[in-house]
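Every letter in the sequence shown is one number past the one before it in our numbering, and letter 39, counting from 1, is 44. By construction, the Cβ of each residue, glycine as well, lies at the ideal position given by its N, Cα and C atoms. In what follows, a single structure is set out as structure tokens and then discussed.
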Amino acid sequence: MLILGSEFVNGSQCSRGPQVCQLRPELTSPRLIKSHLPYRFLPSDLHNGNSKVIYMARNPKDLVVSYYQFHRSLRTMSYRGTFQEFCRRFMNDKLGYGSWFEHVQEFWEHHMDANVLFLKYEDMHKDLATMVEQLVRFLGVSYDKAQLESMVEHCHQLIDQCCNAEALPVGRGRVGLWKDIFTVSMNEKFDLVYKQKMGKCDLTFDFYL
């Protein structure tokens with residue numbers, strides 16, 4: 006955590022639904038609350054700039070592969086369809102949490118807002134130190150060089166643990182994993198849908214490093 010004393014609303018707490026709204030006021034500031042909500046559904050305080058929002062986006066091809074593995078690994082979802090079927094549902098906005106295309110574009114429209122920091126997963130892999138420095142500046146905290154280097158090293162260790170997790174044989178955190186599972190025809194179809202749904206949005210992604 007970049008700010009000492011902050012707290013994190015984890016997945017088990019969020020899964021309790023409305024109870025998380027009762028939990029939030031009890032957390033002391035500064036606090037960290039993880040959410041998958043679209044921008045339009047965020048509390049008005051966030052829209053008014055009274056709180057800070059950090060948004061992490063990932064290229065959609067890697068994301069859909071990881072999301073597929075996530076659905077297959079959870080007992081509550083127990084998805085047993087093929088990846089081709091899952092990818093088709095993703096492109097047609099027929100998965101949980103709604104349309105990825107709308108979600109990412111909503112936040113991108115606000116990426117210049119003073120209280121919004123829009124980050125990309127691929128940039129984290131390319132230059133983690135720079136991303137940590139961005140976070141430090143955005144949150145308004147100060148760290149000396151030794152502390153920043155220690156923090157970056159700790160983050161590298163966490164990323165390595167996630168990427169090497171045995172529970173995620175395909176959906177590991179590397180960039181470009183989609184190339185191991187997409188067929189040529191799937192990739193062509195995905196590119197077409199991506200172009201149609203993203204329209205004139207100037208947001209770009211790295212699909213491999």
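Residue i: which of the options sits nearest, CA to CA?
{"i": "tyrosine 60", "options": "Gln89, Thr81, Ser147 and Tyr44", "result": "Tyr44"}
{"i": "phenylalanine 187", "options": "Ala134, Asp67 and Gly145", "result": "Asp67"}
{"i": "histidine 161", "options": "Gln89, Phe91, Leu133 and Tyr148", "result": "Leu133"}
{"i": "cysteine 206", "options": "His115, Gln152 and Gly178", "result": "His115"}
{"i": "glycine 145", "options": "Lys131, Leu163, Asn120 and Leu124", "result": "Asn120"}
{"i": "leucine 208", "options": "Arg94, Gln89, Ser49 and Lys125", "result": "Lys125"}
{"i": "histidine 130", "options": "Leu163, Tyr102, His52 and Asn55", "result": "Leu163"}
{"i": "histidine 41", "options": "Gly86, Glu111, Gln74 and Asp50", "result": "Glu111"}
{"i": "valine 69", "options": "Lys200, Lys202, Leu100 and Glu193", "result": "Leu100"}
Where does residue i land, buried or exposed, given buried means 16+ other C-beta within 10 angstroms?
{"i": "histidine 108", "result": "buried"}
{"i": "serine 83", "result": "exposed"}
{"i": "asparagine 64", "result": "buried"}
{"i": "alanine 62", "result": "buried"}
{"i": "valine 175", "result": "Note that valine 175 has pLDDT 48, beneath the 50 cutoff, so the model's placement of it is unreliable and the number below is only indicative. With fewer than 16 Cβ atoms within 10 Å of its Cβ, valine 175 is classed as exposed."}
{"i": "glycine 86", "result": "exposed"}
Since residue i sits in a beta bridge, which residues does DSSP pair it with?
{"i": "leucine 122", "result": "Ile59"}
Using a Cβ-Cβ distance under 8 angstroms, would residue i count as near chain B?
{"i": "tyrosine 148", "result": "No chain B is part of this structure, which consists of one protein chain only."}
Considering only the beta carbon of each residue, do residue i and residue j sit closer than 8 angstroms?
{"i": "phenylalanine 210", "j": "glycine 181", "result": "no"}
{"i": "valine 157", "j": "valine 141", "result": "no"}
{"i": "valine 243", "j": "methionine 96", "result": "Because the chain spans 6 through 214 in this model, residue 243 falls outside it and cannot be assessed."}
{"i": "lysine 57", "j": "phenylalanine 143", "result": "yes"}
{"i": "phenylalanine 123", "j": "tryptophan 113", "result": "yes"}
{"i": "phenylalanine 91", "j": "histidine 76", "result": "yes"}
{"i": "aspartate 98", "j": "glycine 54", "result": "no"}
Specify the secondary structure class of residue i as computed by DSSP and reduced to three states.
{"i": "glutamate 114", "result": "coil"}
{"i": "alanine 172", "result": "Low per-residue confidence applies at alanine 172: pLDDT is 47, beneath 50, and the placement is therefore not dependable enough to give any value."}
{"i": "valine 146", "result": "coil"}
{"i": "arginine 21", "result": "Residue placement at arginine 21 is flagged as unreliable, the pLDDT there being 48, under the threshold of 50; the coordinate-derived value follows with that caveat. Here arginine 21 sits in coil by DSSP."}
{"i": "arginine 179", "result": "coil"}
{"i": "phenylalanine 95", "result": "helix"}
{"i": "tyrosine 44", "result": "helix"}
{"i": "aspartate 207", "result": "coil"}
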